[in-house]
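Asker:
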Amino acid sequence: MPHLEVRNLSASYGDLKVLHGVDLSFEKGEVVALIGPSGSGKSTILRVLMGLTPCTGGELILDGQPIVPSSTASVRAARDKMAIVFQQYNLFQNMDVMRNVTIAPVKIKGRPRAEAEADAARILARVGLAEKSHAYPDELSGGQQQRVAIARALALRPEVLLLDEVTSALDPELVNEVLDTIRDLAKDGMTMLIVSHEMAFVREVASKVVMMDKGKVVEVGTPADIFDRPRSERAREFVGKILRH
Amino acid sequence: MAESLRLRNAREGPLPTLLLINGKAVGPGYGPTADHRDLSYTFQFNVIFAHLPEFLQGAALTLGLALAGFWGGAPFALLLAFARTSGSKWIKRLAGGYVTFITNTPVLIHIWFLFYGLGDLGILLGKYTAVIIGLMAATSAYGCEIMRGGFLSVRRSEIEAAETLGFSRLQTVWYVIVPHIVKTVYPALANYFIVLTLSTSLAMIVGGEELLGTAFNVASENYRHLEAVIVAAGLYVVITFAVSLSLALVGRWAFRVKAKIF
Amino acid sequence: MEQILQQLPEFFSPINIRMLVEAMGVTIALTFFGCGLGFLFAFFIVFARQTPGHWALPLRAAAIFYVEIFRRVPFLVTSYLVLFFIAAIIKNASLFAIALIAIFIYATAYTADIIRGGFESVPRTQIEAAQAMNFGRWRTLIHVIIPQSWPVILPPAMVFMVAFVKDTALVSQLGVFELAFRGRELNNHGFSGILVFTTIALLYFVISYPLTRFGQWLEKRLATPRSQKSQRKLR
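Chains A, B and C, in that order, are what the protein sequence lines are.
Heads up: the first sequence runs through residues 198 to 442, numbered per our numbering.
Heads up: the second sequence runs through residues 600 to 861, numbered per our numbering.
Heads up: the third sequence runs through residues 818 to 1052, numbered per our numbering.
1. So is tyrosine 286 of chain A buried or exposed if we call it buried at 16+ other beta carbons inside 10 Å?
2. Provide the residue span of the alpha helix (DSSP H) that contains methionine 408 of chain A, from first to last.
3. Going along the chain, which residues of the region 203-228 of chain A sit with their C-beta nearer than 8 Å to a C-beta in chain C?
4. So which residues on chain A does arginine 956 of chain C lean against when the C-beta distance must stay under 8 Å?
5. Classify isoleucine 647 of chain B: buried if its beta carbon has 16 or more other beta carbons within 10 angstroms, exposed otherwise.
6. Under 8 Å: do the region 391-407 of chain A and the region 221-233 of chain A share three or more Cβ pairs, one atom per stretch?
7. Who are the neighbours of isoleucine 379 of chain A on chain C, taking C-beta pairs under 7 Å?
8. What are the boundary residues of the alpha helix (DSSP H) that lysine 688 of chain B is part of?
9. List, in order along the chain, the chain C residues whose C-beta lies closer than 8 Å to that of tyrosine 741 of chain B?
10. Which chain A residues sit within Cβ distance under 8 Å of valine 961 of chain C?
11. Quick one: list the residues of chain B neighbouring tyrosine 1026 of chain C, beta-carbon separation under 8 Å, in chain order.
12. Am I right that alanine 680 of chain B and arginine 755 of chain B are in contact with their C-beta atoms under 8 Å? What's the rounded C-beta distance?
13. Are the CB atoms of alanine 348 of chain A and proline 302 of chain A nearer to each other than 7 Å?
14. Give me, in chain order, the residues of the same chain whose beta-carbon lies closer than 7 Å to that of asparagine 297 of chain A; leave out the 5 immediate sequence neighbours on both sides.
15. Pick helix, strand or coil for asparagine 205 of chain A, following the three-state DSSP scheme.
16. Just by C-beta distance, which residues in the region 1000-1013 of chain C are closer than 9 Å to chain B?
17. Give the DSSP bridge partners of valine 979 of chain C, in chain order.
18. Measuring alpha carbon to alpha carbon, tell me which of B:Asn645, B:Val772, B:Ile838 ends up nearest serine 800 of chain B.
19. For chain C, is any of its Cβ atoms less than 7 Å away from the one on serine 365 of chain A?
20. Using a beta-carbon distance below 7 Å, is alanine 905 of chain C in contact with chain B?
21. Please check if any C-beta of chain B sits within less than 7 Å of the C-beta of lysine 983 of chain C.
22. Taking Cβ positions, are tyrosine 785 of chain B and glycine 850 of chain B nearer each other than 7 Å?
23. Can you round the beta-carbon distance between valine 363 of chain A and glutamine 262 of chain A to whole angstroms, since I take them to be within the 8 Å contact cut?
24. Where does serine 966 of chain C land, buried or exposed, given buried means 16+ other C-beta within 10 angstroms?
25. So which residues of chain C does aspartate 277 of chain A contact, with C-beta pairs closer than 8 Å?
26. Using DSSP's beta-bridge definition, name the partner residues of histidine 331 of chain A.
27. When burial is assigned at 16 or more other CB atoms within 10 Å of the CB, is proline 427 of chain A buried or exposed?
28. So what's proline 266 of chain A in DSSP terms, helix, strand or just coil?
29. Report all residues from its chain with a CB closer than 7 Å to the CB of threonine 378 of chain A; omit the five preceding and five following residues, and keep chain order.
30. I believe leucine 359 of chain A touches leucine 246 of chain A by the beta-carbon criterion, under 8 Å. Please report the beta-carbon distance rounded to the nearest angstrom.
31. Out of C:Leu1019, C:Leu1003, C:Leu822, C:Ile918, point me to the one whose CA is closest to cysteine 852 of chain C's CA.
32. Closer than 8 Å by beta-carbon distance: list the chain A residues that pair up with glutamate 945 of chain C, in chain order.
33. Does the region 324-342 of chain A come within contact of the region 253-269 of chain A, defined as at least 3 CB pairs closer than 8 Å?
34. With a Cβ-Cβ cutoff of 7 Å, do phenylalanine 675 of chain B and serine 739 of chain B count as a contact?
35. So, helix, strand or coil for aspartate 212 of chain A, using DSSP?
36. Could you give the DSSP three-state label for methionine 746 of chain B: helix, strand or coil?
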């Protein structure tokens, strides 16, 4: 049984239809990368999964359980199992790093504070930010903030990690520290859905690549399939353009 | 003492509009048409609606007082704004002192001072005169601050840009400075006018027959104070919507100012 | 003028002075408690106004209606509304309480708009991050929105309260023994209007001016440091 399945998903922002019947599925431990030009709907899929954008049609199934957008309980249950890291990190500006990472586990999941803080310390060490646990977001660089955001997501012990263009807002020299962190997570077997423009990274880390354009899935395959042997016209065009860099 | 008592009687305002028995408020519950059971109260709006034309007259007077207070005070506001920004040290202090005093003391006290206080000096102002002067004083002070904000918001860079484009002093003022100030100041003044319109209800305290005063007049015959004041409140809301809509439209068309209509 | 000089000793008798000081206390109490409670309740009004879902439509409508109505009705009218409404159902109600309720209603409506503006100034992304972690509306408000919006909310709220000190003069019409009422009373007893009302005005000034300056200081303190970091240093 696939870990996460998306069937015929449609979504719109107001009158603008962004997704036209998208199908996706992946197993536990897979690292799936969504690539494609801007506006193809990649981020929207992540947002719909987290219930941040409403879907207008289709089904979402997590661990065999459907996610019913109209049912608050269903959406909350789904959010319980997934965590998202945003392009703009979205750290809570009024809290320090430790509180940012521990607030959800303590207040929402009800874990004891001491346990959550120990857990947080461990995760922060893993992403290389152990000494910054009492710094505030505005005292950190973009790369550091993004790693805190990843730590915050990991502290929730999710089954699935959604990464929405997490390096796109970073200065080039800060990108690698974040990619290193993600590479580690992939090695550890975390199920991940990554939206990214970093093609070399995608190629290295992803077990499956989904190429999208204008709200539809254009092609699905292994990185080798997509980058070396693109079958569809559109995929070939896209790969051709990006490989020229 | 007796002398001043006589003078005061000449200035005595209307009977208190509130029935006070032993210092406790007594409402319509004790009037002739009232219900004596403790928790029930039967609303009778029809007696009030019968007097709607009077209410509308009162509303008209409300607007009249507001307009008089505003346009009477606005020129002084402008003068004071100039005084505070480009006057000599002493003029600045004087103007500033006046504005600070007016903006930190209640308008009601000003009006009472004018209406009852000046009587001692033999100056007997009519109730509407006192109210309008009070509102003019308030407008001059608050308006001054609004306009001063407008003056101070003009940036050096705008003036320099105009000068480098070859504008003469006068042209700079007319084409650059004035429009900028008007755009900054208009929404604030429009807002102030609405506040002013609502504060005309003070006139009722000295016996004025604007909207609230009319409500009490009407209620004095049938003791339906609650209904009368409810109707007055409703009319105030209507007036406020009408005035803010008009001011927003005027702002958009005449001054190209984007003001909220709602 | 000689008349005023004649009246001075009697005017500034210990009894009168004590009465005026008490009246100042009443004015201050009315302002602080009325506006303070109104400000607190306004948070709930804004929370109610932002409740999502079809079922909440009456709640949202009620919140909007309440704010829009009482912002457009003069305070004097609101005071009388409360007075006559309460007098119709409760005999011998305390005038001070009635005034406090009127102030409460008025302050709630005005500060609700300030608070709503403050809430809307928090970036949407902060709220989405909280949503994605299952925070729920109330938790998001307490842990994310209020901590980030209070510097934007407090100065205008303070300005409102300070300005309201002057409006308390209107509750003299309800019979509350505050400054304006005592002033009118003294004038009725025969003291010169010029003497009485100038003194009363000065007493209001004594209350209002320091508060105004404090409000300005607060505004400056919270406005210039734009980053959260400097604001943290303030606390």
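In this text, a Cβ means the ideal position worked out from N, Cα and C, and glycines have one as well.
Answerer: Taking the structure as given:
1. As a position in the first sequence, residue 286 of chain A is number 89, starting the count at 1. It is buried - the Cβ of tyrosine 286 of chain A has at least 16 other Cβ atoms within 10 Å.
2. Indexing the first sequence from 1 puts residue 408 of chain A at position 211. Unbroken run through methionine 408 of chain A is the beta strand (DSSP E), 405-410; no alpha helix (DSSP H).
3. none
4. Your numbering for residue 956 of chain C matches position 139 in the third sequence. Under the 8 Å cutoff, chain A gives Lys304, Ile305.
5. Working through the second sequence from its first residue, we reach residue 647 of chain B at position 48. Buried, since its Cβ has 16 or more Cβ neighbours within 10 Å.
6. yes
7. As a first step, residue 379 of chain A must be located in the first sequence, where it is residue number 182. Within 7 Å Cβ-Cβ: nothing; isoleucine 379 of chain A doesn't reach chain C, min ~18 Å.
8. Locating residue 688 of chain B in the second sequence gives position 89, counting from the first residue. Taken as a continuous stretch (DSSP letters only), the alpha helix (DSSP H) holding lysine 688 of chain B covers 688-702.
9. Locating residue 741 of chain B in the second sequence gives position 142, where the first residue counts as 1. None at all; the shortest Cβ gap to chain C is about 10 Å.
10. By one-based count along the third sequence, residue 961 of chain C stands at place 144. By Cβ distance, chain A contributes Phe289, Asn291.
11. Here the question's residue 1026 of chain C lines up with position 209 in the third sequence. Neighbours of tyrosine 1026 of chain C on chain B, chain order: Thr699, Asn703.
12. Position 81 of the second sequence, counted from the first residue, corresponds to residue 680 of chain B. Position 156 of the second sequence, counted from the first residue, corresponds to residue 755 of chain B. Going by Cβ atoms, the distance from alanine 680 of chain B to arginine 755 of chain B rounds to 19 Å, so no, they are not a contact pair.
13. Taking the first sequence and counting its residues from 1, the one referred to as residue 348 of chain A is at position 151. Taking the first sequence and counting its residues from 1, the one referred to as residue 302 of chain A is at position 105. No, these two residues do not count as a Cβ contact at 7 Å.
14. In the first sequence, counting from the first residue as 1, residue 297 of chain A sits at position 100. Hits under 7 Å: Leu288, Phe289, Val345, Arg349.
15. Locating residue 205 of chain A in the first sequence gives position 8, where the first residue counts as 1. Strand, per DSSP.
16. Gly1000, Arg1001, Asn1004, Asn1005, Gly1007, Phe1008, Ser1009, Gly1010, Ile1011, Leu1012, Val1013
17. Locating residue 979 of chain C in the third sequence gives position 162, where the first residue counts as 1. According to DSSP, which records beta bridges pairwise, valine 979 of chain C is partnered with nothing at all.
18. As a working mapping, residue 800 of chain B is identified with position 201 in the second sequence. Out of B:Asn645, B:Val772, B:Ile838, B:Ile838 has the C-alpha closest to the C-alpha of serine 800 of chain B.
19. Here the question's residue 365 of chain A lines up with position 168 in the first sequence. It does not: the Cβ of serine 365 of chain A has no partner Cβ on chain C nearer than 7 Å.
20. In the third sequence, counting from the first residue as 1, residue 905 of chain C sits at position 88. Taking Cβ atoms only, chain B reaches closer than 7 Å to alanine 905 of chain C, which makes this a yes.
21. Indexing the third sequence from 1 puts residue 983 of chain C at position 166. Answer yes: the Cβ-Cβ gap between lysine 983 of chain C and chain B drops below 7 Å somewhere.
22. If you number the second sequence from 1, residue 785 of chain B lands on position 186. If you number the second sequence from 1, residue 850 of chain B lands on position 251. Contact: yes.
23. The residue you call residue 363 of chain A lines up with position 166 of the first sequence. The residue you call residue 262 of chain A lines up with position 65 of the first sequence. The Cβ separation is near 27 Å, so there is no contact.
24. Mapped onto the third sequence, residue 966 of chain C falls at position 149. Looking at its Cβ environment, which holds 16 or more other Cβ atoms inside 10 Å, serine 966 of chain C is buried.
25. Reading the first sequence from its first residue, position 80 is the one you call residue 277 of chain A. Result: Asn951.
26. Stepping through the first sequence from its first residue, residue 331 of chain A is reached at position 134. Answer by DSSP bridge pairing: none, since histidine 331 of chain A is not bridged.
27. Along the first sequence, read from residue 1 onward, the residue named residue 427 of chain A stands at position 230. Result: buried.
28. On the first sequence, position 69 is the one that residue 266 of chain A refers to. Coil.
29. Position 181 of the first sequence, counted from the first residue, corresponds to residue 378 of chain A. Counting only Cβ-Cβ distances below 7 Å, and skipping sequence neighbours, we find Val324, Arg344, Ile347.
30. For the purposes of this step, residue 359 of chain A is taken as residue 162 along the first sequence, with counting starting at 1. For the purposes of this step, residue 246 of chain A is taken as residue 49 along the first sequence, with counting starting at 1. Going by Cβ atoms, the distance from leucine 359 of chain A to leucine 246 of chain A rounds to 6 Å, so yes, they are a contact pair.
31. For the purposes of this step, residue 852 of chain C is taken as the residue at position 35 of the third sequence. When each option's Cα is compared against that of cysteine 852 of chain C, the closest is C:Ile918.
32. One-based indexing of the third sequence puts residue 945 of chain C at position 128. By Cβ distance, chain A contributes Leu249, Phe283, Asn287.
33. no
34. Counting from one through the second sequence, the residue named residue 675 of chain B turns up at place 76. Counting from one through the second sequence, the residue named residue 739 of chain B turns up at place 140. A contact, by the Cβ cut-off of 7 Å.
35. To locate residue 212 of chain A, count along the first sequence from 1; it is residue 15. Coil at aspartate 212 of chain A, not helix or strand.
36. As a working mapping, residue 746 of chain B is identified with position 147 in the second sequence. In the structure shown, methionine 746 of chain B sits in a helix (DSSP, three-state: H, G or I).
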